[in-house]
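Numbering (the numbering used here), first residue to last: 1 to 119.
Written out as C-alpha cells, the structure reads:
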C-alpha cells in the first residue's frame, strides 16, 4: 500500500530533510535548519531572527470571566462551576484519571506535572 499526498503546497525546506513519514506533511522538525556542527549556525533556530520579544502575558491573563487566581497557585472558578475539560480540571488543581494515565505511560512525569503542563 502506497500513501500519496494530495497537498497543493510543498512542505517547507530550510535545509534539513523532513522527518515526516509521509511526503508533503509538516512536523516540528520540518522547520529545522541543516546541521552545522562547529559552525556559526550550530545552535541556530529558524524562528529566532526577526521574531518579536516574548509576551509579558501569562496564562493568568487569559482566565475565563469570573475566574480569579487563588492563593494556592490554582485558579478559583465562580461558585457553582463544574469542570468538564481537562484544562478546567487542571486550572482548578484537580488531577483527573486521564492525567494519571499519562503519568503511568510516561514514567518520567508525575500526574501533578501532567496537570501543571495542561494548566
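Just so you know, even glycine gets a beta-carbon here, dropped at the ideal spot from N, CA and C. Just so it is clear, the structure is predicted and the values come from calculations on it, not from any experiment.
Three-state class that DSSP yields for residue i in the structure shown
i: residue 111; result: helix
i: residue 76; result: strand
i: residue 117; result: helix
Residue of the options minimising C-alpha distance to residue i
i: residue 91; options: 38, 103, 62 and 107; result: 62
i: residue 101; options: 93, 71 and 110; result: 110
i: residue 86; options: 55, 53 and 112; result: 112
Neighbour-count burial assignment, residue i, 16 or more Cβ in a 10 Å radius
i: residue 117; result: exposed
i: residue 2; result: Only weak support exists for where residue 2 lies, its pLDDT of 49 falling under 50; the value from the coordinates is given anyway. With fewer than 16 other Cβ atoms within 10 Å, it is exposed.
i: residue 115; result: buried
i: residue 82; result: exposed
Per DSSP, the bridge partner or partners of residue i
i: residue 69; result: 75
Below-7 Å beta-carbon distance, residue i vs any chain D residue
i: residue 88; result: No chain D appears in this structure, which consists of one protein chain only.
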